[in-house]
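For the sequence shown, the UniProt record's numbering assigns the number 1 to the initial residue and increments by one for each residue that follows. Below is one structure, written out as structure tokens, with a few remarks after it.
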Amino acid sequence: MRTVNKCAPSATYDGLPGCTSVLAGLLLSLSPVKKEAMRDILVTLLVLGGLPFALQRPVIGGLMWVWISVMNPHTQGWGFATTFPFAQLIAGVTILSLLKSREKNPLPMTPITVTLIGFVIWMNITTLFAIIPSAAWAQWNKVMKIMLMTFVVMMVIRKREHVRHLIWVLVISLGYYGVKGGIFTVRSGGNQRVWGPLGTFIGDNNALALALIMTIPLMYYLMQELPKRWMRHLMLVSMGLCALAALGSYSRGGVLAIVAMLIFMWKKSRHKLVGAALLILLVPLALVFMPDQWGARMDTIAEYQADGSAMGRINAWHMAFNLACDRFFGGGFSMYEPVTFAMYAPDPSGVHAAHSIYFQVLGEHGFLGLALYLILGFLTWRYAAWIVRHGRGHPDLQWATSLAAMIQASLIGFAVGGAFLSLLYWDVPYYLMVAIMVTRTVVGQQLALAPAPVPTVVPRMPPVSRNVESPQGRTVRPEVK
Numbered sequence: 001m002r003t004v005n006k007c008a009p010s011a012t013y014d015g016l017p018g019c020t021s022v023l024a025g026l027l028l029s030l031s032p033v034k035k036e037a038m039r040d041i042l043v044t045l046l047v048l049g050g051l052p053f054a055l056q057r058p059v060i061g062g063l064m065w066v067w068i069s070v071m072n073p074h075t076q077g078w079g080f081a082t083t084f085p086f087a088q089l090i091a092g093v094t095i096l097s098l099l100k101s102r103e104k105n106p107l108p109m110t111p112i113t114v115t116l117i118g119f120v121i122w123m124n125i126t127t128l129f130a131i132i133p134s135a136a137w138a139q140w141n142k143v144m145k146i147m148l149m150t151f152v153v154m155m156v157i158r159k160r161e162h163v164r165h166l167i168w169v170l171v172i173s174l175g176y177y178g179v180k181g182g183i184f185t186v187r188s189g190g191n192q193r194v195w196g197p198l199g200t201f202i203g204d205n206n207a208l209a210l211a212l213i214m215t216i217p218l219m220y221y222l223m224q225e226l227p228k229r230w231m232r233h234l235m236l237v238s239m240g241l242c243a244l245a246a247l248g249s250y251s252r253g254g255v256l257a258i259v260a261m262l263i264f265m266w267k268k269s270r271h272k273l274v275g276a277a278l279l280i281l282l283v284p285l286a287l288v289f290m291p292d293q294w295g296a297r298m299d300t301i302a303e304y305q306a307d308g309s310a311m312g313r314i315n316a317w318h319m320a321f322n323l324a325c326d327r328f329f330g331g332g333f334s335m336y337e338p339v340t341f342a343m344y345a346p347d348p349s350g351v352h353a354a355h356s357i358y359f360q361v362l363g364e365h366g367f368l369g370l371a372l373y374l375i376l377g378f379l380t381w382r383y384a385a386w387i388v389r390h391g392r393g394h395p396d397l398q399w400a401t402s403l404a405a406m407i408q409a410s411l412i413g414f415a416v417g418g419a420f421l422s423l424l425y426w427d428v429p430y431y432l433m434v435a436i437m438v439t440r441t442v443v444g445q446q447l448a449l450a451p452a453p454v455p456t457v458v459p460r461m462p463p464v465s466r467n468v469e470s471p472q473g474r475t476v477r478p479e480v481k
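Okay, here's the thing in structure tokens:
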């Protein structure tokens, strides 16, 4: 039962500074008297102050959109900011800036882009055949806004520095909640759960855990680029606090995701022995720190038959599969209602959300929708693998290989943790897809401009003749005895 909202304003949790957010995090937490009003004013000033720059440079508007859509800073206030349409304002200014910009910002037509366009078109088609049209069109309106701005971000993120700024925005936006949640977990001894901001994709404790797990590899990438030792140490501490916050969420799917991600990062590490030693040392310490009730909840992973929540999810997965087998177009958006379970679920009374990105897309958009979604993930993974493979041996591309490997680690966490969450339309994986796509283009351009290695030609020695020239100038063969 949800008793305390750990990331929304509360008397027991407001004073925790966000170490990864110098402006949007630290000031929100340290506002003096009348914190509620100060937070609303601060967010408003940040947005309104950035709009003139966004109007001049579309990339600033795109980054502002990512910040407002991922962090949802307005949820940290209590007053007018919680309902003010900041996102719509930023989106409008960004699109206007894009239209009036003198720079050419075409949509990059890559296999990823084409597949995403096909997926969006297919979602529009399935909505026409939705089982519950009113609910489907309401959700369609939200999803299409996310997809529209994803394409806008694709158009404005064009260079290496743009990608770096995008990763920083994601880390600050999610790391803010991770640092606060980690400190709260330490203060409470892990006896209370960490929750995300209300009314957002990551408001649920499980969703927040997955978001923080995906942020840790991105923090590691940025840590490698920081010039000062104290900055790297601060980022390392932030990574640890994000991990503690993920554990403090009591998310079983989050634990599976972080295990899968750590295994992948260890396999990719150049110092496997040191990495294994650190894991052997730190993991038991973290587990010992958590209370018995946390361990009891994790034990239910192996005893899912006795867990009503797990069986409810399995019932929803069966329903989604049966529906997709019966309806080529799926059930459309927001079809997880009693009427649908009555027709397709083994247990009609066990109405649950999809609790899986795979069964969510299968139930809502059919097998074709699932195929398109999996192709998106496959192409993104292949792009990242291409960057890692071709960037080796090029010191100037070390940043790209490191980023691609860490995004792969984040995607591993999302692929595992997302199997238990309804986060199909959460925009962060799409932004990581954009980062990989742009990095692939930048790496390809740099490799094309790099001078081709000059092959080293070793002259061949002439064969040694077995003939012997006689003193008279005649060639005779030596006798073989």
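The C-beta atom is built at its ideal place from N, Cα and C for all residues, glycine as well. Computed from a predicted model, the values in this text were never measured in an experiment.
Non-local C-beta neighbours of A207 in its own chain, meaning closer than 7 Å and more than five positions away in sequence, comprise G196, F201, L421, L423, ordered along the chain.
Per DSSP, reduced to three states, the secondary structure at E161 is helical.
Under the DSSP assignment, S97 falls in the alpha helix (DSSP H) whose first and last residues are 86-100. Nearest Cα to P111 within the set A450, V442, M433, Q446: M433. Taking a contact to require three or more Cβ pairs closer than 8 Å, the segment 402-416 and the segment 178-189 do not qualify as touching. In this structure, L174 is the residue among L174, P395, A354, F341 with its C-alpha nearest to the C-alpha of M239. Between the alpha carbons of I172 and A209 lies a gap of roughly 16 Å. Between T150 and Y373, the C-beta spacing is not below 8 Å. Its Cα nearest to that of Y425, the residue L148 stands out among V43, L148, L51. One thing to note: Y250 has its Cβ no nearer than 8 Å to the Cβ of R313. Fewer than three beta-carbon pairs drawn from the segment 278-289 and the segment 224-239 are found closer than 8 Å, and the two stretches are therefore not classed as touching. Apart from the 5 residues on each side of it in sequence, A320 sits with its Cβ closer than 7 Å to the Cβ of A354, F359, L362, G363 in its chain, given in chain order. Using a Cβ distance threshold of 8 Å, L449 and H390 do not count as a contacting pair.
The residue from I375, L46, M71 with its alpha-carbon nearest to that of G178 is M71.
S309 sits away from A135, with the two beta carbons spaced by 8 Å or more. Excluding residues up to 5 positions away in sequence, I357 lie with their Cβ nearer than 6 Å to the Cβ of G418 in the same chain. Annotation: the UniProt domain "O-antigen ligase-related" (239-374) contains the following complete segments of the alpha helix (DSSP H) (minimum length 4 residues), in chain order: 252-268, 272-289, 292-299, 308-326, 338-344. Secondary structure of G203 (DSSP, three-state): coil. Separation of G248 and Q76 (C-alpha to C-alpha, rounded to the nearest whole angstrom) is 20 Å.
Excluding residues up to 5 positions away in sequence, H74, T75 lie with their Cβ nearer than 7 Å to the Cβ of T82 in the same chain. Our two residues, A342 and P348, have alpha carbons roughly 5 Å apart in a direct line. The C-beta distance from V156 to N105 rounds to 6 Å, short enough to fall under 8 Å.
The DSSP-derived three-state label of M235 is helix.
Taking I68 as the centre and dropping the five residues before and after it, the same chain places the C-beta of F86, A87, I90 closer than 6 Å to its C-beta, in chain order. V194 sits in coil when the DSSP states are folded into three classes, being neither helix nor strand. If you draw a straight line from the Cα of T127 to the Cα of P133, it comes to about 7 Å.
Our two residues, G330 and F119, have alpha carbons roughly 14 Å apart in a direct line. In its own chain, leaving out the 5 sequence neighbours on each side, no residue places its CB closer than 6 Å to the CB of L46. Collapsing the DSSP output to three states places K104 in coil. Your pair R327 and G366 checks out as a contact, with CB atoms roughly 7 Å apart and the cut at 8 Å. Bounds of the alpha helix (DSSP H) holding K145 are 133-156. Looking only at I183, D40, W386, R158, the smallest Cα-Cα distance to L241 is reached by I183.
Collapsing the DSSP output to three states places H394 in coil. Membership of Y430 in the alpha helix (DSSP H) is indicated by the continuous run 428-449. Counting only the Cα atoms, I121 lies some 11 Å from V114. Sorting P58, L212, N124 by C-alpha distance to the C-alpha of I95 places P58 at the top.
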